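Quick note: the sequence shown uses our numbering, first residue -18, plus one each step.
Note sheet for the following structure.
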Amino acid sequence: MAAVVSNARRWTIVGLLFAASLINYLDRATLALALPAISQDLALGPTLKGILLSAFFWSYAVMQVPVGWCADRFNLRWLYAGLFALWSVACGLTGVASSLSALIGLRMLLGVGESIYLAGGTKIVAAFFPPEERGLPSGLFDSGSRAGLALGAPLIAWLIVRYGWRRMFFLVGFSALFWLIPWLSVYPSEQRRDPTAGRIATGARERRNGTPLSRDLFGICVGFFCFGYYWYLLVTWLPDYLVKVRRLTLLEAGSYASLPYLIFGTCMPLGGWIADRLIHSGWNETRTRKGIITAAFLSGLMLIPAVRATDTRSALGLLCGASMVGLATGNLMAILQGCAPTDRLGVWTGWENLAGNLGGVLSPMATGFLIARTGSYLPGVAVAVIVLVAGLLSYWTLVGELIPTARRTSA
């Protein structure tokens, strides 16, 4: 059995998870940014575009629980590496797709590979960090996803303009395989958790039996569905909105879209760090994490005036404000880690991410349908905001008290 990893090594692993998350969302964003060109080549209307945008989430959602089960039982060094390689190859091969069905198939294959991202990352953080320290690493590794959109939007737009959408997919997908070199070098071949990392109170084990019907898990899943519905509206439709409604060029749309994604990504570790510091200072863990989630979700209300704004710069400012929803992310993950039995954390994460990505399946299709029916983005945006705010009810009424850190040490 390998020794407990050093502090420097565990943060290096978090850094690699951040990089993997960045690549993960860079690969997802390729389609959203290439959509204007692809839809022109394949003559796709709003409804078919919505179906194509949602195809990734069909397999991604379905694979969450099976991959979470695997994360609880198999060495994450090889499981993460294998699925990372799969999603990178699927992204690269998208450049040779010549039909809508081929694009849908490759996006579904991408979803299978990327299903390891949250379940694996959450399991790794819980293995190497004690509960009171998980907010920052959880938010940090997941913030790579938003950084991937922020940095990737202008990069992908430039690659499409310079080389065309087909070569862009090839370059982005296959170049990502170089990430495997440091991952296989740094992640331990055998893993023993830090003895303080998995602390959980005996009472928590008795209260939470780990079944999918647990009230805590149900509440987490409902809330994360609402969060996912809102987030994936931004991921899938924002570039198309900027091109079609704001009349920006593809390069301009990539640059404008990068700023809200950057704000979202910056807020993710920030929200977790703020909560961790307050909890260390003696604040109640449950109220602190749920309070930050509440403030973050309510900031999403700014998305409605952003769409209604007549001035593009005003709209961008409001979009940035609406991206402060990212403050919730580290705390959403820390709540899951605080509720789940340690031996079922991967499965619980799988259920949570399944729910979030059901929002990812529904959001782009429903938005595309509403655009086709009304000719406006406003109804789709309004629905997303209502769903997000409704998610607060789930966290406050269904998810119970987190076990205080001081009591975890007794387990």
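Ideal Cβ placement from N, Cα and C applies to all residues, glycine included.
Note that the structure is a prediction, hence the values are computed from the model and not measured.
Exercise. Specify the secondary structure class of F110 as computed by DSSP and reduced to three states.
Key: F110: coil per DSSP, three-state reduction.
Quiz item: Using DSSP with H/G/I as helix, E/B as strand and the rest coil, what is G179?
Solution: Its pLDDT being 45, under 50, G179 is placed unreliably by the model, and the measurement read from it follows with that caveat. DSSP places G179 in coil when its eight states are reduced to three.
Quiz item: CB-CB under 6 Å to V106, same chain, minus the five flanking residues each way: which ones, in chain order?
Solution: Closer than 6 Å at Cβ, skipping near neighbours: R115, P118, S119.
Quiz item: Hey, how far is the Cα of L282 from the Cα of S126?
Solution: Cα to Cα, the separation comes out at about 22 Å.
Quiz item: What did DSSP end up calling R354 once you bin it into helix, strand or coil?
Solution: Judged by DSSP in its simplified three-state form, R354 adopts helix.
Quiz item: Are there 16 or more other CB atoms within 10 angstroms of the CB of L16, so buried, or fewer, so exposed?
Solution: Burial call: buried.
Quiz item: Apart from the five residues on each side of it in sequence, which residues of its chain come closer than 7 Å, Cβ to Cβ, to I85?
Solution: Answer for I85: L33, A36, listed in chain order.
Quiz item: F278: which of C51, F245, V48, T291 sits nearest, CA to CA?
Solution: Among C51, F245, V48, T291, the Cα nearest to that of F278 is on F245.
Quiz item: When you compare only the Cα positions, how much space is there between G337 and A83?
Solution: Straight-line measurement puts the Cα of A83 at about 25 Å from the Cα of G337.
Self-check item: Alpha-carbon spacing of W146 relative to Y6, whole angstroms
Solution: Counting only the Cα atoms, Y6 lies some 17 Å from W146.
Exercise. Quick one: using the 10 Å Cβ neighbour count with 16 as the cut-off for buried, is I280 buried or exposed?
Key: A small fix is needed here, since residue 280 is Ser in this sequence, not Ile. Its Cβ being crowded by 16 or more others within 10 Å, S280 is buried.
Quiz item: On the three-state DSSP scale, how would you describe W264?
Solution: It is coil, neither helix nor strand.
Exercise. Assign N334 to buried or exposed, taking buried as 16 or more other Cβ atoms, counted over all protein chains shown, within 10 Å of its Cβ.
Key: By the neighbour-count rule (16 or more Cβ atoms within 10 Å), N334 is buried.
Practice problem: Within its chain, find whatever has a CB closer than 7 Å to the CB of G349; leave out the 5 residues flanking it on each side and keep chain order. | Solution: The answer, listed in chain order, is P27, T28, K30, G31.
Quiz item: Which same chain residues, not among the five before or five after L359, have their C-beta less than 6 Å away from its C-beta?
Solution: So the qualifying residues of the chain are V288.
Quiz item: A42 and L339: beta carbons closer than 8 Å?
Solution: Yes. Within cutoff.
Quiz item: Does DSSP classify G73 as helix, strand or coil?
Solution: Looking at G73 - three-state DSSP - the assignment turns out to be helix.
Quiz item: In whole angstroms, what separates the C-alpha of R270 from that of L259?
Solution: Rounded to the nearest whole angstrom, the CA to CA distance from R270 to L259 is 10 Å.
Quiz item: Under a Cβ-count criterion, where at least 16 other Cβ atoms within 10 Å of its own Cβ denotes burial, should R294 be classed as buried or exposed?
Solution: With fewer than 16 other Cβ atoms within 10 Å, it is exposed.
Quiz item: CB G204 to CB Y376, shorter than 8 Å?
Solution: Remark: C-beta atoms of G204 and Y376 approach each other more closely than 8 Å.
Quiz prompt | Per-residue burial, W(-9) [other beta carbons within 10 Å of its own, 16 or more giving buried] | solution = One point to set straight first is that residue -9 is Arg, not Trp, in the sequence displayed. Burial of R(-9) is indicated by the presence of at least 16 other C-beta atoms within 10 angstroms of its C-beta.
Quiz item: Cβ of Y213 within 8 Å of Cβ of A131?
Solution: For Y213 and A131, no; Cβs fall outside 8 Å.
Practice problem: Can you tell me which of G73, T217, S79, V(-5) puts its alpha carbon nearest to the alpha carbon of D123? | Solution: Nearest of G73, T217, S79, V(-5) to D123, Cα basis: V(-5).
Self-check item: R270 - DSSP class collapsed to helix/strand/coil
Solution: DSSP places R270 in helix when its eight states are reduced to three.
Quiz prompt | Test item: CB-CB of G49 and G327 under 8 Å | solution = Taking the C-beta atoms as reference points, G327 is found nearer than 8 Å to G49.
Quiz item: To the nearest angstrom, how far is it from the Cα of I141 to the Cα of L152?
Solution: Straight-line Cα distance between these residues: approximately 11 Å.
Quiz item: Does DSSP classify V380 as helix, strand or coil?
Solution: Taken through DSSP and simplified to helix, strand or coil, V380 comes out as coil.
Quiz item: CA-CA distance, G(-14) and L165?
Solution: The sequence given here has Val at residue -14, not Gly. Note on geometry: alpha-carbon atoms of V(-14) and L165 lie some 15 Å from one another.
Self-check item: Own chain, CB closer than 6 Å to A296, minus 5 neighbours either side, in chain order
Solution: Only A287, A290 meet the Cβ criterion.
Quiz item: Since I97 contacts A10 with CB under 8 Å, what's their CB separation in whole angstroms?
Solution: With a Cβ gap of about 18 Å, I97 and A10 do not count as contacting.
Quiz prompt | Closest by C-alpha distance to P112, when choosing among A78, P322, L343 | solution = If we check each option's Cα against that of P112, P322 comes out closest.
Quiz item: From V306 to I274, what does the alpha carbon distance come to, in whole angstroms?
Solution: Their backbone Cα atoms lie some 8 Å apart in a straight line.
Quiz prompt | Rounded separation between P135 and R268 - CA only | solution = Spanning the alpha carbons of P135 and R268 requires a straight line of approximately 39 Å.
Practice problem: Pull up the CB-CB distance for D22 and D324, whole angstroms please, since I reckon it's below 8 Å. | Solution: D324 and D22 do not touch by the CB rule: their CB atoms are close to 49 Å apart, not below 8 Å.
Practice problem: State the DSSP-derived secondary structure class of D324, mapped to helix, strand or coil. | Solution: Here D324 sits in helix by DSSP.
Quiz item: Less than 8 Å separating the beta-carbons of L99 and C72?
Solution: Result no, Cβ atoms of L99 and C72 do not sit closer than 8 Å.
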